[in-house]
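Novice:
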Amino acid sequence: MSIYNLRRSVRLSRAPLESLENSKTKSKPKNKVSHEASENDQRQTISNLEKLSLASISKPCKSCKGHDEFIKSLQDALKEVLDQNETLRKRIIELEAQLTLYEDRIEEKNEEIAVLQKKATKMRSKSENLRKMEIEDKNIK
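Read in order, the letters of the sequence shown correspond to residues 231 to 371 in the working numbering.
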């Protein structure tokens, strides 16, 4: 299997961040969508990572030229994948913080709307009472 195919297969079969132990948070938002990978995807990812790690451990082949370069490129590919994973994990944390902020703002606005609705109801009621009183005053005169 070529380096390109190994990199590609690792990239394509990588499990979502939520399935990794270090990315789990203590409290999840109530309306957060779960992105769990299927068991086959997880097995494929583990298999691909094992292939990468075994390639770096195996003894050099005397008849193979460029074996060290191959191992180095596999290690670089693994490092690249891990760096991308960390970058994505940080971005997810940022987006979750923004989501929480926007949810808090929405809740505040909904509370303001509820207060304004109560005030409007009271004002309508007062307005209707004033109209009734004016009509009664006209009828009395």
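Note that beta-carbon positions come from the ideal geometry of N, C-alpha and C, so glycine has one too.
Please classify Asn359 as buried or exposed, where buried requires at least 16 other C-beta atoms within 10 Å of its C-beta.
Specialist: Label assigned to Asn359: exposed.
Novice: Whole angstroms is fine: what's the gap from Thr275's alpha carbon to Glu310's?
Specialist: Looking at the two C-alpha atoms, the distance is approximately 15 Å.
Novice: If you follow the alpha helix (DSSP H) that Lys362 is in, where does it begin and where does it stop?
Specialist: That run of the alpha helix (DSSP H) goes 297-370.
Novice: For Asn369, does the count of other Cβ atoms within 10 angstroms reach 16, so buried, or fall short, so exposed?
Specialist: Flag for Asn369 reads exposed.
Novice: For Asp271, does the three-state DSSP call read helix, strand or coil?
Specialist: It is helical.
Novice: Do you know offhand how far Ile301's Cα is from Asn278's?
Specialist: Rounded to the nearest angstrom, the two C-alpha atoms are 15 Å apart.
Novice: Just mark Leu304 as buried or exposed, buried being the case when its beta carbon has 16 or more other beta carbons within 10 Å.
Specialist: Leu304 should be labelled buried.
Novice: Rounding to the nearest angstrom, what Cα-Cα distance links Lys371 and Ile336 in this structure?
Specialist: Going by the C-alpha atoms only, they are around 52 Å apart.
Novice: What's the gap between the Cα of Asp334 and the Cα of Lys356?
Specialist: Looking at the two C-alpha atoms, the distance is approximately 33 Å.
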